[in-house]
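Written below as structure tokens is the structure these notes are about.
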């Protein structure tokens, strides 16, 4: 069988904070093939953005492996890293802070091409214009500064910048959360079209369950740095197993009046990810928690084929 | 006589500045809020939703804002023309507002309890002990243990802060609550808690509410009636179930088609073509016509009036009958 | 500033890729700013007069006329004459050349070093930051004039050593003024984006960070020129800087100080010249600050 494009094994990222360690990413494993999208869902503070940055090596990992085409990214030298970097990119959430206010659209999109040296200088201009066509940014904007453009167009610049050096996969960190729904739909369609055309892989990080369902093949649900459920997209929405996933799905407001659904209101709020207590991290908020949940950490168990859940009492 | 707590009539607000010219933020908006009802104002960024709410509270920055015309009747009293002193007692007393960002709405150097009791003391003329007791009661009502009375805002999470803000807003038992994106900054599970709590409080206290949001899901869960705002105009208004089912205005249809569907299968999204018009240069006639697939010449001829769709459901569109909800 | 233009021929349309500078927009705003314009005009008059000194007074700053000594200001001698019958106005003009030179060169010197230190300290953080900033703190804890005196004493008198002494004394201001905003800006997502495309540290610092924090630095540069002129005058006055008979403004005042009771104009006239220069630079700097304010739409 062909090896996956990207394989992450037992990845950990701890931050040193006063009083201990913040477990931002704790023992996360997954793999992605070309042309696939892995959705990463969770609420703020669950470590999903940190995960994306560690995978890209923008942050150093504490432990674990990131294997990209057979090579462990965590153990390469600077030169190799530069080469690997040019094959993975990132799209940010905030279309305002992710673009340098002092650079024009042309400068931003061309920068990666200049640095990588893969494209002859004379061709850069044409590449930039092609990229602008691909992301649907009119060529007349080539000399504008980001503050002169609206959020949707700015996000298109971010996408063009990420695509410029033809990466094999892109980490999309909440790329549509800051946009209005009609613009959000345009950007989602654009990302899907690009994937269909180029076979690029996405790690799609978001808190919006309807968006993640729309775009992902597989989904991992994160809670306080840990994966609690990992399964194909359709299955997650038809058959959620982990109590947190159920609560998350139940909390999404559905735009249908008098829509009947099972709603589990979670009690309390996220506990601190600093020096987490033993046992299941979701236990303090879980209705089904029993004594065992507070003392023993649950194992990953494959409850159904391809459906992995981290819960003592998970049943198919 | 009338059952309306609030009645906004022909409200028009412009922002006028030398650099950008005249920005038509709110254009001839009229709506009523009945006692005990929740009206949702839905629209995208820049549609003028917040300007309407700030206009009702009379806290628009003037200049650059200017209320050009209209009436805002709170029980037959025109808020645009009451004296400032009277307005101050109405604001926070009979009408309260909740803002979007719970992180900045509280004073970081004052204790939570102090902030609530100060508000209560000012409006209800209570003495110190009474106001503290009242503040304690409000905290517990929004589900925060009274033991946290002396905590500072930074010791609370986002959801807790929004609860505190709701407690402050409801402390004086307002008849009308204006909530501007109250849950947008919160996580979904916390949003569910807060919405649930707001629904319960509304029923218990009989407060009327204007809920401003961009989230159609939130509207479906909380609102009795809904007004869809586009480019400073109400394009569709009616009972929530009627509007959500019929989606008579092409813009409303477009909003729904842009949403990924969490309940059904995956299909390609149909975004609305183009962008919001520049509020300093709105198109002639129907403001949505440049983006509308149904528009023809008649749509750009002159202003389009709200037309009766059925019962209490009004739509500002000449082609509404042709709109098949595509 | 001519725009750099490159034409790209496309089958359907011609797209011009150009370097559009914000410079012109800032300039337009500057012209409308009253205090900046007053400061600028005043400064230009002073600079032009000083530069034209050899034309206005070809006889030079040392031409003596003992028969006309201690003349009070008059039409012939706008600032009077000194104890050797030298025209003080002419000496002020020639002295201005030296004072302005010291002010500008020492400021550029300290800005160049201070900004680079601030960039590295702010961007690298950690021990680089700690070491650099502690050194800066030490330098800062010594009063500027004292530091300049010490350095000037070590290097000897003269224009060059005055420039170096004053330049070193202002490095900490620039280093601090660069570092503080860098710490904020370096956490912006566009810096992360630059790292994601493997931009070198050098590129990130000078291409991404520096342009975004330049406004306060430009303002500080104008104000620092004024400070340096005063510091240079102070040095000369204490006998550590430019030496008489070279007519640096501080040096003119020093040589005139013994006559301050009977012929006070000998001291006040160069003092007024210095005050006017400093005021014009400060007015211009303040106006510039308003025009560069990022909250205004550029």
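Residue numbers (this note's numbering), protein chains in the order written: chain A, -7 to 308; chain B, 168 to 493; chain C, 1276 to 1573.
Even glycine gets a Cβ: it sits at the ideal position worked out from N, Cα and C.
Where DSSP assigns a beta bridge to residue i, which residues make up the other side?
| i | result |
| --- | --- |
| residue 201 of chain B | B/171 |
| residue 191 of chain B | B/181 |
| residue 91 of chain A | Answer by DSSP bridge pairing: none, since residue 91 of chain A is not bridged. |
| residue 22 of chain A | A/0 |
| residue 397 of chain B | B/400 |
| residue 218 of chain A | A/215 |
| residue 248 of chain B | DSSP lists no partner for residue 248 of chain B. |
| residue 164 of chain A | A/83 and A/196 |
| residue 376 of chain B | B/205 and B/344 |
| residue 15 of chain A | A/6 |
By Cβ distance below 7 Å, which residues in the same chain neighbour residue i in space, the five residues on each side in sequence not counted?
| i | result |
| --- | --- |
| residue 168 of chain B | Because residue 168 of chain B sits at a pLDDT of 44, beneath the cut-off of 50, its placement in the model cannot be relied upon, and the point is left open. |
| residue 1277 of chain C | A caution first: residue 1277 of chain C carries a pLDDT of 35, below 50, which makes its placement in the model unreliable, though a value can still be read off. No residues qualify anywhere along the chain. |
| residue 475 of chain B | 481 |
| residue 306 of chain A | 233, 234, 293 and 295 |
| residue 1559 of chain C | 1311, 1314, 1315, 1318 and 1497 |
Counting only Cβ pairs nearer than 9 Å, list the residues of chain A close to residue i.
| i | result |
| --- | --- |
| residue 1416 of chain C | By Cβ distance, chain A contributes nothing, its closest Cβ being about 29 Å from residue 1416 of chain C, past 9 Å. |
| residue 433 of chain B | 205, 206, 207, 225 and 226 |
Name the chain A residues that come within less than 7 Å of residue i, Cβ to Cβ?
| i | result |
| --- | --- |
| residue 1486 of chain C | 94 |
| residue 1483 of chain C | 92 |
| residue 439 of chain B | 174 |
| residue 1467 of chain C | 50 |
Please work out which residues of its chain come closer than 8 Å, Cβ to Cβ, to residue i, disregarding the five sequence neighbours upstream and downstream, and give them in chain order.
| i | result |
| --- | --- |
| residue 1284 of chain C | For residue 1284 of chain C, the pLDDT reaches just 37, beneath the cut-off of 50, and the residue's location in the model is therefore unreliable, leaving the point undetermined. |
| residue 457 of chain B | 441, 444 and 450 |
| residue 7 of chain A | 13, 14 and 16 |
| residue 210 of chain B | 216, 381, 395, 396 and 397 |
| residue 1356 of chain C | 1340, 1343, 1344, 1345, 1346, 1362 and 1363 |
| residue 347 of chain B | 216, 217, 220, 264, 265, 266, 267 and 379 |
| residue 187 of chain B | 447 |
| residue 319 of chain B | 275, 276, 277, 278 and 279 |
Can you find a CB in chain F that lies within less than 9 Å of the CB of residue i?
| i | result |
| --- | --- |
| residue 487 of chain B | The structure shown contains no chain F; its protein chains are A, B and C. |
Could you work out which residues of chain A lie near residue i, taking near to mean beta carbons separated by less than 8 Å?
| i | result |
| --- | --- |
| residue 381 of chain B | 172 and 173 |
Give the interface partners of residue i over in chain C, defined as CB-CB distance under 9 Å, in chain order.
| i | result |
| --- | --- |
| residue 78 of chain A | 1472 and 1473 |
| residue 286 of chain A | Going along chain C, no residue has its Cβ under 9 Å from residue 286 of chain A, so there is no contact; the nearest lies around 37 Å. |
| residue 133 of chain A | By Cβ distance, chain C contributes nothing, its closest Cβ being about 10 Å from residue 133 of chain A, past 9 Å. |
| residue 158 of chain A | Residues of chain C passing the Cβ test: none, with the nearest at roughly 12 Å. |
Leaving out five residues on either side along the sequence, give the residues of the same chain with a beta carbon under 6 Å from the beta carbon of residue i.
| i | result |
| --- | --- |
| residue 303 of chain A | 234 and 290 |
| residue 1305 of chain C | 1311 and 1566 |
| residue 1440 of chain C | 1423, 1426 and 1427 |
| residue 1287 of chain C | Any reading at residue 1287 of chain C must be qualified, since the residue scores a pLDDT of 43, below 50, and its modelled position is unreliable; no value is offered. |
| residue 1572 of chain C | Below a pLDDT of 50, predicted positions are generally treated as unreliable, and residue 1572 of chain C, at 45, falls in that range; no measurement from the model is reported. |
Given that residue i touches chain B, what residues does it touch there, using C-beta distances under 7 Å?
| i | result |
| --- | --- |
| residue 142 of chain A | 442 |
| residue 218 of chain A | Those within 7 Å of residue 218 of chain A in chain B number zero; the least Cβ separation is about 16 Å. |
| residue 176 of chain A | 425 |
In chain C, which residues lie with their C-beta within 8 Å of the C-beta of residue i?
| i | result |
| --- | --- |
| residue 74 of chain A | 1473 |
| residue 48 of chain A | 1471 |
Give the residues of chain C in contact with residue i, contact being defined as C-beta atoms less than 7 Å apart.
| i | result |
| --- | --- |
| residue 221 of chain A | Within 7 Å Cβ-Cβ: nothing; residue 221 of chain A doesn't reach chain C, min ~29 Å. |
Name the chain B residues that come within less than 8 Å of residue i, Cβ to Cβ?
| i | result |
| --- | --- |
| residue 180 of chain A | 427 and 436 |
Residues in the segment 230 to 252 of chain A with C-beta within 9 Å of chain B's C-beta atoms, listed in sequence order? 236, 239, 240, 241, 242, 243, 244, 245, 246, 247, 248, 249, 250 and 251
With three or more beta-carbon pairs closer than 8 Å as the criterion, would you say the segment 1408 to 1417 of chain C touches the segment 1460 to 1475 of chain C? Taking a cut-off of 8 Å on C-beta distances, the segment 1408 to 1417 of chain C does not touch the segment 1460 to 1475 of chain C, as fewer than three cross pairs fall below it.
Segment contact flag, the segment 27 to 37 of chain A with the segment 60 to 67 of chain A, C-beta cutoff 8 Å, min 3 pairs: no
Taking one C-beta from the segment 200 to 217 of chain A and one from the segment 427 to 438 of chain B each time, how about it: are there three or more such pairs within less than 8 Å? yes
Do the segment 183 to 194 of chain A and the segment 22 to 29 of chain A make contact, defined as three or more Cβ pairs closer than 8 Å? yes
Okay, do the segment 1489 to 1504 of chain C and the segment 122 to 130 of chain A touch, 3+ Cβ pairs below 8 Å being the bar? no
Give a yes or no on contact between the segment 90 to 108 of chain A and the segment 1472 to 1480 of chain C, applying the rule of three or more CB pairs nearer than 8 Å. yes
Determine, using beta-carbon pairs with one atom in the segment 361 to 372 of chain B and one in the segment 277 to 286 of chain B, whether at least three such pairs fall under 8 Å. no
Positions along the segment 13 to 41 of chain A whose CB lies within less than 7 Å of some CB in chain B: 35 and 36
Against chain A: residues of the segment 189 to 220 of chain B by CB proximity under 8 Å: 211 and 212
Three or more C-beta pairs under 8 Å: does that hold for the segment 1500 to 1520 of chain C against the segment 105 to 122 of chain A? no
Members of the segment 185 to 202 of chain A near chain B, C-beta cut-off 7 Å: Answer in chain order: 199, 201 and 202.
Please identify, using Cβ separations under 8 Å, the residues of the segment 253 to 286 of chain A that lie next to chain B, in order along the chain. Residues of the segment 253 to 286 of chain A with a C-beta atom less than 8 Å from some C-beta of chain B are 255, 257, 258, 261 and 262, listed in chain order.
Cβ contact (3+ pairs, closer than 8 Å) linking the segment 173 to 180 of chain B and the segment 238 to 248 of chain A: no
With three or more beta-carbon pairs closer than 8 Å as the criterion, would you say the segment 1475 to 1490 of chain C touches the segment 1431 to 1446 of chain C? no
Validate contact between the segment 310 to 330 of chain B and the segment 338 to 347 of chain B using beta carbons, cut 8 Å, 3 pairs: no
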